[in-house]
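Notes follow the structure.
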Amino acid sequence: MSHPRRFTHFGPRVGVTLMRAALGFSLLSVSLLAQVPARPAALDDGWTVVEPQAAGFDAAKLSEVLAKMLGGEANLHAVVVERHGKLVAEGYRKGSDKPQFKLFRRTVAFGPAERHDTRSVGKSVVALLVGIAQAQGKLGSLATPVVDFYPEHADLATPALRKVTLEHLLMMGSGLEWRESGAGFPNDEDRLAWKDSPIRFVLGRPPVAEPASTFNYNSGGTVVLADILGRATKMPWVDFARTALFEPLGIFDVEWVTDLRSRPMANSGLRLRPRDMAKLGRLVLNHGNWNGRQVVPSAWIEEMLRPRLATGFDDTHYGLQWWTGTVNWQGRPLPWRAAWGNGSQRIFVVPDLDITIVFTAGAYGDLKTIRQVQGYFQTLVDAVVAK
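Each step along the sequence shown adds one to the number in the numbering used here, with nothing skipped, and position 255 is 250.
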């Protein structure tokens, strides 16, 4: 069954409109942009569609903002907005993308049915799974030393490593040496993809700081957490993710990219449709409840989103595999929480506004686009006129 794909043809038209605006035809530009529809496609994926006005948006402003985003220079692929559990707006366009481990970029006409790399959004999914496993009695306290799960690696269990707990891995505060900025072999995340034992590679790193004292982004810690989930639940962690999280949310089109040794990558391999990414945001806003079913414990959602360490990037902090920060709305700062992936993949939630905003893009390693997407997030929040 085919479904209409709204917004997919807007890239060229909006681009022309904005060029005219730059030449001075501002009134014409605003007129054309205001005609861009913001109503999402009606698909059989569990989402109810609502008009922007009914969700407390300035509809004209929302439409204009979406058109500018999808017609701008940033390599943005999709924007999805949901509020109060209903889909308010979505936009897609053709763009350049480079899936992991592919040599060349490709041009893709993105739409509601296309999966997209979410990269480190997978880390936030792992955090949700930890909460579920705890609730099922399969995983113990976050204060458990990580080495307790690996008797076969007892030779690594130094006094320093015994201080490193599950919580420290979740908060990116293990204190273990790890370099993840830049590309090439100095990048420890890249080395994970071909190491025979990623667990030994991560846990064998020397300590350089006390646990919980310093934020140091460490994808290896997420790989270890996923492996521990598999051991604790006695099933492949990808199967646990499918049965315990994705299927209850009606998310069935899921892909985990594998590394160079054919192992699913918890740290960066998740591929989802943007509308399904928005479901994860709604789950968090609903305190782990989905259509009356408590998929993730409410107490875990609160603990997961509590800021732990300052990241050094603007005003952001890190919780348990989730980012935190603030956005302005009507002159006052409101807290946001986000699943955040390389390339400007984002699931932003603003609890005080009960809103989820999803972005996907192909700007891997591009700091400029990261800044642009933060700005886009702010402008979409500005389009909310009522709680």
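In this text, a Cβ means the ideal position worked out from N, Cα and C, and glycines have one as well.
The structure displayed is predicted, hence computed values, not measured ones.
Let me check one thing: in DSSP terms, what residues is residue i bridge-paired to?
i, result
"Val103", "Gly90"
"Phe354", "Val74 and Arg341"
"Thr160", "Pro140"
"Pro202", "Leu171"
"Trp335", "Arg341"
"Leu375", "Bridge partners of Leu375: none, in fact."
"Leu134", "Answer is none; Leu134 lacks a bridge partner."
"Val44", "Leu82"
"Tyr212", "None, per the DSSP bridge assignment."
"Tyr313", "Leu304 and Trp318"
Would you decide whether residue i is buried or exposed? Buried here means 16 or more other CB atoms lie within 10 Å of its CB.
i, result
"Asn286", "exposed"
"Lys97", "exposed"
"Lys363", "exposed"
"Arg78", "buried"
"Phe372", "buried"
"Asn213", "buried"
"Gly370", "exposed"
"Leu255", "exposed"
"Glu59", "buried"
"Phe52", "buried"
"Lys382", "exposed"
"Ala294", "exposed"
"Val405", "For the chain, the structure presents residues -4 to 382; residue 405 sits outside this window and is missing."
"Pro146", "exposed"
"Lys229", "exposed"
"Gln340", "buried"
"Ala149", "exposed"
"Ala73", "buried"
"Ser176", "exposed"
"Thr311", "buried"
"Arg288", "exposed"
"Trp42", "buried"
"Leu23", "Low local confidence applies: a pLDDT of 30 at Leu23 is under 50, so the model's placement there is unreliable, and no value is given."
"Pro231", "exposed"
"Asp92", "buried"
"Trp318", "buried"
"Ala49", "exposed"
"Ser192", "exposed"
In this structure, how does DSSP classify residue i when only helix, strand and coil are distinguished?
i, result
"Pro330", "strand"
"Trp285", "strand"
"His148", "helix"
"Pro346", "helix"
"Leu23", "At Leu23, the pLDDT of 30 sits below 50, so the modelled position is not reliable; the number obtained from the coordinates is stated separately. Of the three classes helix, strand and coil, the one that applies to Leu23 here is helix, per DSSP."
"Ala305", "strand"
"Leu82", "strand"
"Ala37", "coil"
"Leu98", "coil"
"Gly126", "helix"
"Ala207", "coil"
"Thr190", "According to the sequence as given, residue 190 is Lys; it is not Thr. DSSP places Lys190 in coil when its eight states are reduced to three."
"Thr364", "helix"
"Thr153", "coil"
"Ser119", "helix"
"Val219", "helix"
"Gly51", "coil"
"Ala239", "helix"
"Val197", "helix"
Kindly indicate the opening and closing residues of the alpha helix (DSSP H) around residue i.
i, result
"Trp232", "Trp232 to Ala236"
"Val184", "The amino acid occupying residue 184 in the given sequence is Glu; Val does not appear at that position. Here the alpha helix (DSSP H) through Glu184 covers Asp183 to Leu187."
"Lys229", "Per DSSP, Lys229 belongs to no alpha helix (DSSP H) and is neither H nor E."
"Met166", "Looking at the DSSP string, Met166 is not in any alpha helix (DSSP H), and its letter there is neither H nor E."
"Lys63", "Ala54 to Gly66"
For residue i, report the span of its beta strand (DSSP E) as first-last.
i, result
"Val322", "Trp318 to Trp324"
"Asp112", "His111 to Arg114"
- Item | Segments assigned beta strand (DSSP E), at least 3 residues, entirely inside the segment 241 to 294 | Residue ranges of uninterrupted beta strand (DSSP E) with 3 or more members, entirely inside the segment 241 to 294 and ordered along the chain, are 265 to 267.
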